[in-house]
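In my numbering, the protein residues as written are 294 to 435.
As structure tokens, this is what we get:
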């Protein structure tokens, strides 16, 4: 069985995407960290395996691994989009990943100013609260 999405052909029954040596998995680990990816893989069931394969191939291999933008730049873009769309849980996860991508607190503060202007103050205000809590957790854990 193959899923066709955005011109990407993804084999849903093959576990090749779970191979730790694929570009998508390597990029995902570089950005999110081994512990996050290991936990996601451990929690993957037959129900969500096609989804995990999709994001590994489409997001991590086909988008995040492209050479033109740095991981820092991609991280900031991702945070802006997640903030604008109100995806607070994903925002927190990607904010933690900035420890691996090089995006600083100052970078994220600037990103959230843009979110406030272009996506609305309520969207930015919501994730500013999430960011403050997440940074606190990150500092306690280090």
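Quick reminder that beta carbons are idealized off the backbone N, C-alpha and C, glycines included.
Use the C-beta contact count for residue i: other C-beta atoms within 10 angstroms, 16 or more gives buried, fewer gives exposed.
i: residue 401; result: buried
i: residue 327; result: exposed
i: residue 336; result: exposed
i: residue 464; result: Residue 464 is absent from the structure shown; the chain starts at 294 and stops at 435.
i: residue 372; result: buried
i: residue 349; result: buried
i: residue 354; result: buried
i: residue 414; result: exposed
i: residue 375; result: buried
i: residue 388; result: buried
i: residue 384; result: buried
i: residue 300; result: Annotation note: pLDDT 45 at residue 300 (below 50); position unreliable, no value reported.
i: residue 405; result: buried
Once the 5 residues before and after residue i are set aside, which same chain residues still bring their CB inside 7 Å of it?
i: residue 342; result: none
i: residue 312; result: 318
For residue i, which option in the options has the closest C-alpha, if you only look at C-alpha atoms?
i: residue 318; options: 411, 351, 381 and 417; result: 351
i: residue 333; options: 345, 428 and 382; result: 345
i: residue 363; options: 385, 406, 323 and 425; result: 323
i: residue 398; options: 380, 428, 407 and 312; result: 428
i: residue 386; options: 366, 426 and 407; result: 426
Assuming residue i and residue j are in contact, meaning their beta carbons sit under 8 Å apart, how far apart are those beta carbons, in whole angstroms?
i: residue 325; j: residue 390; result: 5 Å
Distance cutoff 8 Å, beta carbons only. Does residue i sit that close to anything in chain D?
i: residue 404; result: Absent from the structure: chain D. Only one protein chain is present.
CB-CB under 8 Å to residue i, same chain, minus the five flanking residues each way: which ones, in chain order?
i: residue 411; result: 377
i: residue 340; result: none
i: residue 330; result: 318, 321 and 322
In chain order, what residues of the same chain lie with their CB nearer than 6 Å to the CB of residue i, ignoring the 5 residues before and after it?
i: residue 320; result: 353, 357 and 358
i: residue 368; result: 391, 394 and 396
i: residue 382; result: none
Touching or not, the segment 349-367 and the segment 404-423, by the rule of three or more beta carbon pairs under 8 Å?
Between the segment 349-367 and the segment 404-423, the count of C-beta pairs closer than 8 Å stays below three; the two stretches do not touch.
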